[in-house]
Every structure is written in C-alpha cells, then in structure tokens.
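Please read the structure below before turning to the comments.
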Amino acid sequence: MKPFFAAVIAWMIAWPALAAVDIQKVETNSGLTAWLVEDHSIPFTALSLRFRGGTSLDADGKRGAIHLMTGLLEEGAGELDARAFAREAEELAARYGFSASDDQVTVTAQFLTENRDAAVALLKSAISEPRFDPDAIERVRQQVLSGLRSDAQDPNDIAGKTFRALAYGDHPYATDGKGTIDSVTALSRDDLADAHSRAMARDLVYVAAVGDITPQDLSVLLDDLLADLPQTGAPMPGEVAVDLEGGVTVVDFDTPQSVALFGHAGMNRDHPDFFAAYVMNHILGGGGFESRLMTEVRENRGLTYGIYSYLMPKDHAAVYLGSVASANGSIAEAVSVIREEWAKLARDGVSAEELEAAQKYLTGAYPLRFDGNARIADIMVSMQMDGLPIDYINTRNAKVEAVTLDDIRRVADTLMQPERLHFVVVGKPTGLDG
Amino acid sequence: MLRALCLSLAGVLSGTVAPAQSINDAVTSFTLENGMDVVVIEDHRAPVVQHMVWYRAGSADEPKGSSGVAHFLEHLLFKATDTMKAGELSATVAENGGTDNAFTSYDYTAYFQRVASDRLDLMMKMEADRMRNVRLTERDIVTERRVIIEERNQRVENNPRALFSEQMNATLYLNHRYGVPIIGWMHEMETLDMEDALSFYRTYYAPNNAILVVSGDVTPDAVREMAERHYGVIPANPDLPPRLRTEEPPHRAARRLTFADPRIAQPYVSRSYIAPERDAGDQDKAAALVLLAEVLGGGTTSFLTEKLQFDDQKAVYTGAFYGSVSLDDTSFDLVIVPAPGVSLEEAEASLDAALAEFIETGVDPEQLQRIRTQLKASQIYLRDNVDAVARQYGRALTSGLTIADVQAWPELLQSVTEEDIVEAARAVLRPEHSVTGYLMQAEAISQ
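Protein sequence lines, in the order shown, are assigned to chains A and B.
Remember, my numbering sits 16 above the position in the first sequence when you count from 1.
Remember, my numbering sits 586 above the position in the second sequence when you count from 1.
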C-alpha cells in the first residue's frame, strides 16, 4: 500500500483536484504491455482492449465484414452456441462489450473478483474462438441490415455519409464501416473468419485494466487471454489528405429541421501545435454554454439547441468538424453566422480573457474524467493508442497552461480556412444553394 | 451497528479507510428546518463532488394549456438573477473547472454541477441564488423559446419514432398528464410567455419542494453546514400546493393506432400497458414487474428473444421495458421488430401467442436465478458509479418514495418468486389496459 499513498501525496501537491490515478506498466512473459490502476476498494475489474485498424482493415469488396464479425463475437464461441454463451455470461454476472469503428475494434469487460477466471475464460473464447454459426450469422446480418435501412432515412447518418464521401477520396474512411445493403448481404462465413484474423491480432492490441487485480494476476490473465490470437493482423491503410472545397452540399430530404455537418482539414494529434489548436477549438465550439458558436447561434439568436466543433485526428487523416441543426427556414442564417465566426477567428484570434477562461476550464475539468474504473481503463487505452507517455496525466495540464495568445494566433492562421469550410446540409433548407 | 464496528476495525488494522460494503452504508440523509431534504452519498476515491438540486415539479405538474413550461423554465434558470448576469452561473462553473447542466421529466426538474470538491460551497451559493432570484427579460423569453422549439425539432419532429412514441403515450393515458410530452406540444410551446414561466417558478421553486443530493468526496457534516448557510436561510413556500393530478379511470377498451411516415425504413409494433408504479412502503407489485420485464425481454436468453428471434424467427428484435419509478401510474412496454417478410399483423400475433404461452408455462427457474445473480452483482458495479446512485435517490424522492424504500429495493427484487412474476403478467398484460401501435413507412408524396 505504501507506493499507492506516496503517489497520491505527490500528485495532490501538484494538483489539488486530481483523482488518485497511479498507473503501473505491466509487461507480460509473452511480451504484451498493459497499463494498470490497482484499486481494491470494490471487488471487480474493468478491462479495456483495443485493436488498431478497426473497420478500415476490411478486405477489398468486403465492406462491413469487420463490423458484422465484431457483432458475432458474443453469438457463439468455443463449445457454446449463442444462447449457451449468453447464459454463461449471465450466470457470471460479467459484462462484455464488442464494437468496431473506423480505427479500432473495442472489447470491454467488467467482471467480479469472485469468478474472475471463469469470466476471462469466456471472454477468451469470444475473442479467439468465435463460431460464426450460420444461423447466428443470418440473425445478426438481418439486424445490421435493419439498422442500415434506418440509417438511410436518418438525416444525421445521411449527413455523415455524405461528408465522408466528400472528404476522404478513395480511402476506407470514405464509406460507412457498417457496409452497404449489398456488401453486407454478400458476406460469407469465410469473409467473417478472414475479417477476424485481419482485425484482431496481437500486434494490433492495446490493453488497460482498473480495479481489484494485482500486476502479477493481470500479467497471467493477459498471457492466457490473448495466447491464441494471430501474431500479426492486416496492414494499415495509407494516409489520406483531406482536400475539401469550400461551399455547401445540400441533400434533399423531407424533414422539418435541417441537419448540417461542416468542416475542412484538421490537425494530427502529434503536431507540436495540437494543444494550441485544442484550446482554440474549445473557445470556438468545444462544448459548454460559453463557446463562441454556442453564444452566437444559440444564446443570442435562438437558432439551434446545440452547436459544437471538434478536432478529429484519426489514425490516417485529420479533420476539423462541426455540427448544428436548425429549422429549414433558419439553417441558412446559422450557416452564415458560423462562416462569420470561422473568419473572425482566422482574422483576429482570441482574447486574453477567453484564453484564460478556457485554460481554467480545461485544466480544472480534466481530473473529473477519472470517475470510475471502466472510464479510467478507457482513457488509459486511448492514451496508449495515441502514443502518449505513461506520465502524460501529470504533464497534460502544464501543456494546456503553456498555450499563449501567439500560439493560438499562429494556429488560427493556418488551421482555420474559412474559404475551404464545407457544409453538408440534409433537409429542405431555404436560402441555401447547393 | 455491528457491521459498522467490524468495518472500522478493519480500517484501523490495515491502515486505510475501509470501503463501504454496501452502497447503503455510504448514504446519509437529513432535512433542513425549512423542509429541504438532503441526501449525501460518500465516495472518497477522487476529490470530486456532484451537487444536484431536484424539484418535485415536472411536466405533469404544469397547468393545462402550458405544456413544456417546466422544461422552458429549466432553460431560463441559466439566465440572470439579482446578483448574476445571464450565463454567469455556467461560466463560473466552467472557470472552476466544472461542468453543469439540468434536466426535466414528468415528475421532476433537476440542476447539477460536477466540480472539484473544494468548490462545493460556491456551487451551493449560486444554486440557492437561482432558487428564488431569477430575473428574466422579454428578450430571454423570445430567444430561449426559439431554442426549445429547435430542441423539439431535433428530438421529436425530425425523428418519426419519437413522434410515434408521443402518439402512443397520448393514447395510453386517458386522463393523466403523462399523456402530454415533457417538452410540450409545439402549438402550446409557441405561446409560452414570461408569466407562464414565472408562475410555475414562484409556485414550485422553494426549499420545501426541493431535494439536495450531494455525492462524492464530501462528509455529511460539511454538507449540512454549507446547506444550512445557503439553502437553510430561504423561507419555505407556505402556499406550496399538494401534487394532486387528475388520475386514470379504469381502462376498459384496447386501443390501436397506426402512424405512417415516409422517413420510416424499419416498421415495428409497439405495445404499452398501463401499470402500477413503486409506491412508498408498497413496492412488491413493481418489483415483480421489473423481473417480468427482465424475464420477457432482458437480453439474449429472455423468453421473447428465444421464442421470437431464435425459435420462430419472426423478429429481428424484441424488447420489454418497465419504468418502476414514477409518481403515478406508469407503463409496461413491449416492442417487436419483424424479420424480413413478416407483416406487422403476423408479428403482433406472434407476440401475443408468446405472451399467452409464457403465462401458461411460467418462469424458467434457472433463468430467474441468473437474473437474481445479475441484480446482486449490479449492486457491486453500482458502487463504482455514485452518479447513478445520486440519480436513483433524486428520482425516487421526487416520485413519492422514501430513502427506506430505495434501500429496501434490492432485497425486494431478490425475493420475487416465479409465481409473483406470472401473477404480475396476468394482472398487467390485459388487452383492455393496452395500446398497440403500428409504425409504418408512408409513401413519400411528391409535389
């Protein structure tokens, strides 16, 4: 217990509001690395695994295979069919989650200390011996197809798909990782087995755990859990330059409120000015009621319920995105206000007061994120995927505080490109030419 | 008592603060002299606190013709007070590294901030201020009314499933305000004005109608001292009206509706039954209904999933839902999304056949045991999530329940028998208590 307290005290001095997050690096016998926060106050462990690549590793012509494969991991594994697997998970009161997105396949688990071995054995069978039984494939395939049909009638999904197609050229990002009706319908059992070996391999995995487990126990657990996965997965796709032209793309859709996505090229996570961009974006539209976009579009004009902008550094591209929704008759005014704010920030930067308020918020709010075992595991696995050092939590606020008005000036000059800002508007907008 | 003693001894021996073994051990409650209830939930793992004030006033307490005013007022409480500018409260929370927001439901309106625990005093000072001292301008009314209309556009008008759900609710409740949406009907929202908002505010925003819920790295003594200083000085509203709502008459006829919208790609059948809710000291029926929803539709091994998705393959999805916490009559809801080639009529008939079969054959004892195990484990997982615990207390205490009811609930769930569940199904799943809705795709009309 001693080192635990020492760490807490050291950090309390540096940072009054920091949660007691003392990260240990665990190196296993088989060569895996995991980050661990031990907390024995509640008898359970939260485990988070991520496999880099995600749906972007779909084979040519097999769009949606990795997404469907991920949905089938808990639908039968090893000796157990789908129903037997579910019964076993319920008896253990273990909670498993499996999902796939553009850059990763995510596996989460929460299990009680009293039956940890059995819960981990069940998880191992799901990730290394999924059965892909024909009846399970058909059942889950129909669920995915049902979702795709609904997405095609959802203005938010239509906007997302349209923006992808405009922004990412011929990269996998240009299409929906869930696939299309045709591509998902055509997937075979072999395609799913292939998707599994492409997307879930040891060289792609990142691991974090939080809770009632020692480093020794975690090390043994991981060596067993991941022993049967292939060593290497599919190669990563290349980089893609986001090359949007300024303007508006209107997708005609009969609904009372227009939904808009807007953006242009962004900034990579490892860019030296990333923190300046992050602080600048917070001031522009980073959430909360105080941002410029929220103030101008919602508070002063009542044009929307919510408006946000966000830096989205993906593994193979970087975009700067925003979203807003406004009635068909008022979306044009919202677009015009957003354009003005984009141009104003590019031209004038931010004020000293805005910078100070943003820094106070971002540094004060950071510790509030560490509020539960699963949440902390999730943050730690993201940190590893982003290539951040294990002491990052200690240095992160200093990086936010070091951002100056000059830094933001410089970033605003290059990152903000009002003339390239492209809007995708889905609805029946009046006064907007697409 | 004995348990507490053992725990503190363990703490001394290991040199650490012993963790609470049940979440109940972390909860303290008391009432201020002006009638404001206080609940404190301790979690000292991180120096963070969540401060919430819940009012026993929601959309079901609104006057007729002013639907949406409870939620409108919630938005307006972020405007100016006697001592703060519009937006200053949120800006001050942000400046202190915190986040804040608010939410409105049928039976409550709640405001909260999450912030470092040494800023709790400031949060209370500001929240106490806006309990009585809000100052609105006509411009606030006009602009914020546009915002709530855009919120309705976003949540409801742009979402045919939400429109369908509104029609279902409006049909289920014959006489109770739960039939009116929380956000309000559009035509009434458009007429909400200053007097509507202030009248609701003056009536319901008072310490004797509020519950303070503080969770995180705090002690009950510290909360009491601060609460007395900030909230304790606000006089109670002697004219606080009792929460008397128009009640449901007996439901005597099955109702049906069809909602068609060109934006629907996946049709489905929805079924709602009027159902009893948890009442203070009387939660047994509700506990059986919670188990019934789990047994019927709580996951891959549930009865409807096995029968309709695995065996008969009539559905791509089935679900059963029951909201147990509510001041007045609640609903028990079922949904079936048909498999390709299965009509809505056929899906509905399969659902009804499955329900009849369930009542005939009863509960699989192994399934019930698995559900009990999971419910028990959820109490362990819950200790990792004091925010959820705080919300549990806020919802319960604004819905007519007591702290004793909340704390008795997990044991009550464990004690529900197979017979209780079937009996609950027989009592609630009756055609004359139900609304059945078909959500369908309409042909788009081209002009």
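We treat Cβ as the ideally placed atom computed from N, Cα and C, and that holds for glycine.
Since the structure is predicted, the reported quantities are computational estimates derived from the model, not experimental observations.
Original post:
For residue 877/B, which residues of its own chain have a beta-carbon under 6 Å away from its beta-carbon, when the five flanking residues on both sides are left out?
Top reply: 1002, 1007
**OP:** Could you confirm whether any beta carbon from chain B is found closer than 7 Å to the beta carbon of residue 30/A?
**Re:** Here residue 30/A scores only 33 on pLDDT, less than 50, and its place in the model should not be relied on; the value that follows carries that caveat. No, residue 30/A lies away from the interface with chain B (no Cβ there is under 7 Å from its Cβ).
**OP:** Report the residues of the stretch 327-345 of chain A with a CB closer than 7 Å to any CB of chain B, ordered along the chain.
**Re:** Along the stretch 327-345 of chain A, going in chain order, the ones with a CB nearer than 7 Å to a CB of chain B are 341, 342, 343.
Original post:
Using the C-alpha atoms, what's the distance from residue 614/B back to residue 978/B?
Top reply: 14 Å
Original post:
Name the chain A residues whose beta carbon is nearer than 9 Å to that of residue 673/B?
Top reply: 305, 306, 311, 315
Subject >> Whole-angstrom distance between residue 214/A and residue 430/A, CA atom to CA atom >> reply: 38 Å
Original post:
residue 46/A: buried (16+ other C-beta within 10 angstroms of its C-beta) or exposed?
Top reply: Under this definition residue 46/A is an exposed residue.
Original post:
What three-state label does DSSP hand residue 359/A in the structure shown?
Top reply: helix
**OP:** Note down, in chain order, every chain A residue with its Cβ under 9 Å from the Cβ of residue 903/B.
**Re:** 159, 162
Original post:
In this structure, what does DSSP give as the bridge partners for residue 328/A?
Top reply: Checking the DSSP bridge columns, you'll see residue 328/A partnered with 335/A.
Subject >> Within chain A, the residues that residue 967/B reaches when beta carbons sit closer than 7 Å >> reply: 60, 126
Original post:
Since residue 88/A contacts residue 156/A with CB under 8 Å, what's their CB separation in whole angstroms?
Top reply: Taking 8 Å as the upper bound for CB-CB distance, residue 88/A and residue 156/A are in contact here, some 5 Å apart.
Original post:
So, is residue 1033/B buried or exposed, given that buried needs 16 or more other C-beta atoms within 10 angstroms?
Top reply: Its pLDDT being 42, under 50, residue 1033/B is placed unreliably by the model, and the measurement read from it follows with that caveat. It counts as exposed.
Original post:
Just checking, does the stretch 783-796 of chain B make contact with the stretch 656-663 of chain B on the three C-beta pairs under 8 Å criterion?
Top reply: Enough Cβ pairs lie closer than 8 Å, so yes.
Original post:
Which word fits residue 745/B, buried or exposed, when buried means at least 16 other C-beta atoms lie within 10 angstroms of its C-beta?
Top reply: buried
**OP:** Since I believe residue 341/A is in contact with residue 320/A (beta carbons under 8 Å), could you give me their beta-carbon distance rounded to a whole number of angstroms?
**Re:** 6 Å
Original post:
Among residues of its own chain, excluding the 5 on either side of residue 142/A, which ones have a beta-carbon nearer than 6 Å to its beta-carbon?
Top reply: 89, 90, 93
Original post:
Applying a beta-carbon distance threshold of less than 8 Å, which residues of chain D neighbour residue 730/B?
Top reply: Looking at the structure shown, chain D is missing, and the protein chains on hand are A and B.
Original post:
Just to confirm, does residue 241/A get its C-beta within under 6 Å of one of the non-hydrogen atoms of the ligand ATP?
Top reply: For the ligand ATP, the structure offers nothing, since it holds no ligand at all.
**OP:** Quick one: measure Cβ to Cβ for residue 330/A and residue 189/A, integer angstroms, because I've assumed they're closer than 8 Å.
**Re:** 7 Å
Original post:
Hey, out of 174/A, 194/A, 229/A, 448/A, whose CA is closest to residue 51/A's CA?
Top reply: Nearest C-alpha to residue 51/A among 174/A, 194/A, 229/A, 448/A: 229/A.
Original post:
Under 7 Å between C-beta atoms, does residue 199/A make it to chain B?
Top reply: Not a single C-beta of chain B is nearer than 7 Å to the C-beta of residue 199/A.
Original post:
Looking only at C-alpha atoms, which of 654/B, 683/B, 899/B, 723/B sits nearest to residue 671/B?
Top reply: 723/B
Subject >> CA nearest to the CA of residue 805/B, picked from 922/B, 1004/B, 636/B >> reply: 636/B
**OP:** Show which residues of chain B have a CB atom less than 8 Å away from the CB atom of residue 180/A.
**Re:** Chain B residues near residue 180/A: none, gap ~20 Å exceeds 8 Å.
Original post:
Going straight from the alpha carbon of residue 425/A to that of residue 300/A, what length do you get?
Top reply: For the pair residue 425/A and residue 300/A, the Cα-to-Cα distance works out to about 13 Å.
Original post:
For residue 682/B, which residues in chain A fall below 7 Å Cβ to Cβ?
Top reply: At a C-beta separation below 7 Å, residue 682/B has these neighbours in chain A: 380.
**OP:** Please classify residue 364/A: is it buried, with 16 or more other beta-carbons within 10 angstroms of its beta-carbon, or exposed?
**Re:** exposed
Original post:
Is residue 771/B helix, strand or coil when you go by DSSP?
Top reply: coil
Original post:
How long is the line joining the alpha carbons of residue 747/B and residue 166/A, rounded to whole angstroms?
Top reply: 11 Å
Subject >> Nearest-angstrom Cα separation, counted from residue 250/A out to residue 374/A >> reply: 41 Å
Original post:
residue 321/A versus chain B: which residues are under 7 Å apart at the beta carbon?
Top reply: 733, 736, 737, 740
Original post:
Excluding sequence positions up to five away, which residues of its chain have a Cβ less than 7 Å from the Cβ of residue 931/B?
Top reply: none
Subject >> Buried versus exposed, by CB contacts within 10 Å (16 or more), residue 597/B >> reply: Below a pLDDT of 50, predicted positions are generally treated as unreliable, and residue 597/B, at 30, falls in that range; the measurement from the model is reported next regardless. When all chains shown are included, residue 597/B counts as exposed.
Original post:
Hey, quick one: how far does the beta strand (DSSP E) through residue 41/A stretch, first residue to last?
Top reply: 40-43
Original post:
Smallest Cα separation from residue 218/A: which of 283/A, 48/A, 437/A?
Top reply: 48/A
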